[in-house]
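All remarks here apply to the structure that follows.
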């Protein structure tokens with residue numbers, strides 16, 4: 001995501017600059033006289049364009065009708081925008097003061113091109129607001145245009161027909177842009193801690209739930225981690241309807257399989273921290289037993305096994321080809337603590353043992369009812385007393401929307417032909433669905449356009465497994481929870497904890513949800529799904545004979561590790577009490593005047609992308625504030641503030657520290673499994689944060705050799721050797737380059753990037 005806005009002083013400069021430009025617009029009628037001369041000299045060109053304009057009048061008439069139907073929404077939004085835009089209004093008054101001069105030149109122009117004047121009057125009489133102000137309004141306020149997609153869909157037609165009119169008032173447009181920029185960058189004036197979102201995705205955090213209701217990323221979550229969060233994914237993830245990048249248990253007769261990727265929210269470090277917050281005592285990740293149901297090619301479970309050699313991992317899948325790939329990689333990476341089984345959930349019988357963590361991602365919605373029942377029994381039978389299970393599934397009512405597109409695709413593509421042939425047919429049909437650009441103003445078409453854009457960027461295996469696969473059944477969360485309860489399992493929370501909190505939807509929605517649910521957890525979560533039209537969930541479950549403490553107290557944070565993507569907005573932030581400082585993150589900005597929280601965030605920024613145990617973080621924050629001790633109320637206050645940021649997706653919590661390097665050492669060492677992936681030419685590598693990142697040929701050459709025995713010069717020489725052999729290509733000014741100095745600089749940049757991503761070990 002984009003980084004957050006600049007510091008408060010930068011905001012003030014932006015407002016002052018915008019104000020100056022508005023004053024200039026007011027005091028410069030000569031500029032508009034110049035515009036009139038432009039209009040006069042361009043009359044012949046307008047005469048030619050007027051004929052094209054007249055010929056396209058039916059299309060504009062149609063657009064006018066669409067606009068007229070949506071005018072109540074536009075009018076309402078206009079009132080809101082006008083009331084919030086004093087600078088814009090000031091610029092409008094300046095523009096209005098110059099109308100007589102502009103009108104005079106317009107009359108002269110109209111007299112020279114009567115055809116254009118006639119057609120303009122006809123069009124203007126039907127939509128005067130649209131004809132007079134929309135090109136400038138839409139061009140200078142993209143935020144408003146994005147809020148009214150029906151209106152925005154019509155704007156490009158009109159704007160494209162009268163480009164000279166738009167270019168004739170550059171001063172007005174420039175001052176409007178300055179006003180919008182000043183408003184966007186203005187910080188909140190408040191004490192304590194505030195969070196300002198910089199994108200629509202972060203308001204829910206996220207999600208196609210890849211933080212949020214999504215299937216792997218960020219998401220978003222994750223959500224929102226700089227340089228990470230499965231950067232190998234091909235598309236941004238929306239906050240509500242997550243497509244899965246992986247499916248499991250592919251039918252044996254399918255001629256394709258799914259490339260498994262790492263998913264951070266299935267990692268025992270993440271699940272262990274989630275369980276601890278709710279009063280459970282899950283096993284430490286360094287010495288645990290984990291079962292993955294539906295491992296596909298092993299991209300999720302293999303890096304875990306490499307990271308925790310003292311733990312035991314078992315994985316199963318019914319797709320023989322996928323499992324063969326997983327076994328090949330397990331042998332290549334020399335993993336001795338992993339057992340892979342070719343099995344169906346209805347037949348699987350591992351040694352009589354329990355597992356501390358059971359992961360089942362991208363399976364539950366894609367298997368029939370008898371297999372679902374068998375999966376539930378398997379999880380309950382093998383889950384340890386304080387163990388945690390992760391099960392993801394498609395949910396209603398949100399999936400009804402995506403299901404409509406799936407039904408169309410399956411009807412058009414059919415079941416005949418190879419996977420590759422079906423993908424070609426599906427892509428062609430999706431292209432056909434996107435052809436009706438003139439219908440973009442329709443709300444249903446607007447949703448479809450967004451969905452088509454997403455599908456156009458996702459991999460073929462997702463299209464096959466989500467929309468063309470024979471079985472894919474979503475269900476309401478309450479039905480899922482009931483089936484789990486019947487099997488002896490209880491819902492704990494969502495793997496992305498902020499998503500279970502109704503407060504993130506605003507006070508009114510939270511009050512309505514709590515009143516409707518009457519304090520029942522399942523009813524509350526179902527109500528949230530109905531409000532959000534949620535289409536994907538990642539449930540964390542435990543045995544029903546274990547007590548779940550849903551009132552999270554600050555002391556549960558004490559044994560956990562805290563990590564943050566936030567960086568100080570100022571080079572040397574003032575840590576004094578009462579002085580507000582801003583911290584920038586991928587999902588927004590954090591502003592606080594609390595000394596302890598500022599000191600803690602500065603300490604976490606210095607340790608990123610790794611984290612600090614809470615006690616170590618409290619001690620370091622105290623050191624930065626010059627405190628001899630950091631106990632009692634100060635410690636509890638810091639914990640409360642950090643928990644608050646966690647619920648807003650601004651922090652991560654782990655069950656154990658990660659051995660992530662703070663920077664680049666003299667002889668850097670990369671994560672062992674990432675080195676293996678680089679050595680076999682994988683297009684992505686897995687970080688110590690359990691996230692996939694894309695790598696190129698230069699990356700792979702040096703990553704594969706980063707075992708702690710080579711310095712930067714040796715890594716540079718290795719890259720040069722591969723370049724001479726044609727395995728690495730570097731160009732400068734369009735020509736191949738094998739300069740040692742250039743390669744040394746590239747190597748240095750690559751190493752810094754690896755450190756930021758969490759690929760380097762301490």
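Numbering (UniProt numbering), first residue to last: 1 to 762. We put the CB at the ideal spot given by N, CA and C, even for glycine. Please read these numbers as outputs of a predicted model, since none were measured by experiment.
Touch test, the stretch 557-574 against the stretch 604-612, Cβ-Cβ under 8 Å, three pairs minimum:
When C-beta atoms of the stretch 557-574 are compared with those of the stretch 604-612, three or more pairs fall below 8 Å, so the two segments count as touching.
Going by other Cβ atoms of all chains shown within 10 Å of its Cβ, with 16 needed for buried, is residue 418 buried or exposed?
Mapped onto the chain shown, residue 418 falls at position 418. Residue 418 should be labelled exposed.
Out of 308, 288, 329, point me to the one whose CA is closest to residue 297's CA.
In the chain shown, residue 297 corresponds to position 297, counting from 1. When each option's Cα is compared against that of residue 297, the closest is 329.
On the three-pair Cβ rule with 8 Å, is the stretch 520-534 touching the stretch 367-381?
no
How about residue 477 and residue 431: are their beta carbons less than 8 Å apart?
Looking up residue 477 in the chain shown gives position 477. Looking up residue 431 in the chain shown gives position 431. No.
Beta-carbon gap between residue 356 and residue 403 smaller than 8 Å:
Counted from its first residue, the chain shown places residue 356 at position 356. Counted from its first residue, the chain shown places residue 403 at position 403. No. Outside cutoff.
Provide the residue(s) that pair with residue 477 in DSSP beta bridges, ordered along the chain.
Taking the first residue of the chain shown as 1, we reach residue 477 at position 477. Paired residue(s): none; residue 477 is not in a bridge.
If we count Cβ pairs, one from each stretch, closer than 8 Å, do we get three or more for the stretch 278-293 versus the stretch 534-553?
yes
Tell me the rounded alpha-carbon separation between residue 729 and residue 697.
The residue given as residue 729 occupies position 729 in the chain shown. The residue given as residue 697 occupies position 697 in the chain shown. About 8 Å.
Please state the DSSP three-state secondary structure of residue 679.
For the purposes of this step, residue 679 is taken as the residue at position 679 of the chain shown. Residue state, collapsed to three classes: helix.
Does DSSP put residue 761 in a helix, in a strand, or in coil?
As a first step, residue 761 is located in the chain shown; it is residue number 761 there, counting from the start. DSSP places residue 761 in strand when its eight states are reduced to three.
Exposed or buried, residue 400, counting other C-beta atoms within 10 Å across all chains shown (16 or more means buried)?
By one-based count along the chain shown, residue 400 stands at place 400. The Cβ neighbour count for residue 400, taken over all protein chains shown within 10 Å, is under 16; the residue is labelled exposed.
Tell me whether the beta-carbon of residue 548 lies closer than 8 Å to the beta-carbon of residue 490.
Within the chain shown, numbered from 1, the residue matching residue 548 stands at position 548. Within the chain shown, numbered from 1, the residue matching residue 490 stands at position 490. A contact, by the Cβ cut-off of 8 Å.
I'd like to check one pair, residue 655 with residue 317: are the Cβ atoms closer than 8 Å?
Sequence index remark: in the chain shown, residue 317 carries index 317 (1-based). Sequence index remark: in the chain shown, residue 655 carries index 655 (1-based). Taking 8 Å as the Cβ cut-off, residue 317 and residue 655 do not qualify as a contacting pair.
Among 686, 727, 735, whose alpha-carbon lies nearest the alpha-carbon of residue 754?
The residue you call residue 754 lines up with position 754 of the chain shown. Residue 686 is the option with its Cα nearest to residue 754.
Check whether the stretch 742-759 touches the stretch 657-668, taking contact to mean three or more Cβ pairs, one atom from each stretch, closer than 8 Å.
yes
For the stretch 508-515 and the stretch 337-354, state whether three or more C-beta atom pairs, one from each stretch, are separated by less than 8 Å.
no
On the premise that residue 359 lies in contact with residue 493, defined as a C-beta separation below 8 Å, what is that separation, rounded to the nearest angstrom?
Stepping through the chain shown from its first residue, residue 493 is reached at position 493. Stepping through the chain shown from its first residue, residue 359 is reached at position 359. The beta-carbon distance between residue 493 and residue 359, rounded to whole angstroms, is 16 Å. This is too long to meet the 8 Å contact definition.
Does the beta-carbon distance from residue 672 to residue 306 come in below 8 Å?
Against the chain shown, residue 672 aligns to sequence position 672. Against the chain shown, residue 306 aligns to sequence position 306. Yes, Cβ-Cβ distance for residue 672 and residue 306 is below 8 Å.
Helix, strand or coil for residue 743? Go by DSSP, reduced to three states.
By one-based count along the chain shown, residue 743 stands at place 743. Looking at residue 743 - three-state DSSP - the assignment turns out to be helix.
Between the alpha carbons of residue 364 and residue 292, how many angstroms are there, rounded?
Mapped onto the chain shown, residue 364 falls at position 364. Mapped onto the chain shown, residue 292 falls at position 292. Roughly 13 Å between the two C-alpha positions.
With 16 as the cutoff for other CB atoms within 10 Å, does residue 707 come out buried or exposed?
The count along the chain shown starts at 1 and reaches residue 707 at position 707. By the 10 Å Cβ count, residue 707 comes out exposed.
Tell me residue 731's beta-bridge partners as DSSP assigns them.
Residue 731 sits at position 731 when you count from the first residue of the chain shown. According to DSSP, residue 731 bridges with 736.
Hey, could you find the ends of the alpha helix (DSSP H) residue 641 is sitting in?
One-based indexing of the chain shown puts residue 641 at position 641. 632-647 is the span of the alpha helix (DSSP H), which, as asked, contains residue 641.
Quick one: is residue 83 buried, meaning 16 or more other Cβ sit within 10 Å of its Cβ, or exposed?
As a first step, residue 83 is located in the chain shown; it is residue number 83 there, counting from the start. Summary for residue 83: the model assigns pLDDT 44, below 50, so the residue's position carries little reliability; its value from the coordinates is reported in the next sentence. By the neighbour-count rule (16 or more Cβ atoms within 10 Å), residue 83 is not buried but exposed.
How far does the alpha helix (DSSP H) with residue 599 in it reach, from first residue to last?
Here residue 599 corresponds to residue number 599 of the chain shown, with the count starting at 1. 595-607 is the span of the alpha helix (DSSP H), which, as asked, contains residue 599.
Is it buried or exposed for residue 726, if we count other Cβ within 10 angstroms and need 16 for buried?
By one-based count along the chain shown, residue 726 stands at place 726. Per the 10 Å Cβ criterion, exposed.
Can the beta-carbon of residue 600 be found less than 8 Å from the beta-carbon of residue 621?
For the purposes of this step, residue 600 is identified with residue 600 of the chain shown, where counting begins at 1. For the purposes of this step, residue 621 is identified with residue 621 of the chain shown, where counting begins at 1. Against a cut-off of 8 Å, the Cβ pair of residue 621 and residue 600 comes out as a contact.
Out of 337, 517, 300, 324, state which residue places its alpha-carbon closest to the alpha-carbon of residue 309.
On the chain shown, position 309 is the one that residue 309 refers to. Among 337, 517, 300, 324, the Cα nearest to that of residue 309 belongs to 337.
Which residues mark the beginning and the end of the beta strand (DSSP E) in which residue 265 is found?
Residue mapping note: residue 265 aligns to position 265 of the chain shown, counting from 1. Here residue 265 belongs to no beta strand (DSSP E), and DSSP marks it neither H nor E.
State the Cα-Cα distance for the pair residue 762 and residue 483, rounded to the nearest angstrom.
On the chain shown, position 762 is the one that residue 762 refers to. On the chain shown, position 483 is the one that residue 483 refers to. Residue 762 and residue 483: Cα-Cα distance of roughly 45 Å.
Three-state secondary structure assigned by DSSP to residue 753
Here residue 753 corresponds to residue number 753 of the chain shown, with the count starting at 1. Note: residue 753 maps to helix in three-state DSSP.
Given residue 553 as reference, the closest of 675, 392, 639, 759 once Cα atoms are compared:
Against the chain shown, residue 553 aligns to sequence position 553. The option with the nearest alpha carbon to residue 553 is 639.
Own chain partners of residue 379 with C-beta closer than 6 Å, once the 5 adjacent residues on each side are dropped:
As a working mapping, residue 379 is identified with position 379 in the chain shown. Counting only Cβ-Cβ distances below 6 Å, and skipping sequence neighbours, we find 358, 389.
Could you give the first and the last residue of the continuous beta strand (DSSP E) run that contains residue 388?
Translated into the one-based positions of the chain shown, residue 388 becomes position 388. First-last of the beta strand (DSSP E) with residue 388: 383-396.
Grouping DSSP H, G and I as helix and E and B as strand, with all else coil, what is residue 702?
As a first step, residue 702 is located in the chain shown; it is residue number 702 there, counting from the start. Note: residue 702 maps to helix in three-state DSSP.
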